[in-house]
Amino acid sequence: MVRVLGIDPGLRVTGYGLVDVSPRRLSVCEAGVIRTDKARDGLSESLLAMYQGVAELLDQFQPAAVAVEQLYAHYQHPRTAILMGHARGAILLAAAQRRVSVVSYSATRIKKTITGSGRASKEQMQRTIQRELGLAQVPEPPDVADALAVALCHCYAHRGRL
Numbered sequence: 022m023v024r025v026l027g028i029d030p031g032l033r034v035t036g037y038g039l040v041d042v043s044p045r046r047l048s049v050c051e052a053g054v055i056r057t058d059k060a061r062d063g064l065s066e067s068l069l070a071m072y073q074g075v076a077e078l079l080d081q082f083q084p085a086a087v088a089v090e091q092l093y094a095h096y097q098h099p100r101t102a103i104l105m106g107h108a109r110g111a112i113l114l115a116a117a118q119r120r121v122s123v124v125s126y127s128a129t130r131i132k133k134t135i136t137g138s139g140r141a142s143k144e145q146m147q148r149t150i151q152r153e154l155g156l157a158q159v160p161e162p163p164d165v166a167d168a169l170a171v172a173l174c175h176c177y178a179h180r181g182r183l
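Converting from the sequence shown to my numbering requires adding 21 to each position, the first position being numbered 1.
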């Protein structure tokens, strides 16, 4: 069995989802969020908390790969892109220190791979993740569904090679 860690990076809430891949099925091992308080703690402390949270996941669950959503930058909000770049850096550092390979996927590719539409809504993504992984409930918050979607995208992209 192979384990993939999917991450939906954010400065306040980072979603994560660990998916176990066996020859016959995909299942959720663990999923949740890493919360930081950038407003109270400042950027440095938030990045440290995110790094420590991801490092703990990597150490505890030892995934074979980490799949992360690529940075999306809208030209009207360059500050957001820069802050998200910092968040991704903390995640990539934790993985690199543990020699875990990291693969990035664009939001459009993730949505298209999971739902068939690159413009799927959050609700559509959540329902599809619920169905694909046989979950009793829709993953909440949406950050968890997004992280599981990133992990599934990686599993589907590397089907037969995991």
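Ideal placement from N, C-alpha and C gives every residue a C-beta, glycine not left out.
Per the C-alpha coordinates, the member of Arg109, Arg33 and Arg46 positioned closest to Arg24 is Arg46. In the assembly as shown, Arg109 is a buried residue. Its beta-carbon has 16 or more other beta-carbons within 10 Å.
In the structure shown, Ala108 adopts helical secondary structure according to DSSP, grouped into three states. Here the alpha carbons of Ala117 and Glu90 stand approximately 16 Å from one another.
Leu154 counts as buried, since at least 16 other C-beta atoms from the protein chains shown sit within 10 angstroms of its C-beta. For Leu183, the CB contacts under 6 Å within the same chain, skipping 5 residues up- and downstream, are Val23 and Val42 in chain order. Counted as a single uninterrupted DSSP element, the beta strand (DSSP E) harbouring Leu39 occupies residues Val34 to Val42.
Between the stretch 92–106 and the stretch 71–83, the count of C-beta pairs closer than 8 Å stays below three; the two stretches do not touch. Secondary structure at Leu47: strand, using DSSP grouped into helix, strand and coil. Under the three-state reduction of DSSP, Leu26 is assigned to strand.
A direct Cα-to-Cα measurement between Ser48 and Cys176 gives close to 11 Å. In the assembly as shown, Pro160 is a buried residue. Its beta-carbon has 16 or more other beta-carbons within 10 Å.
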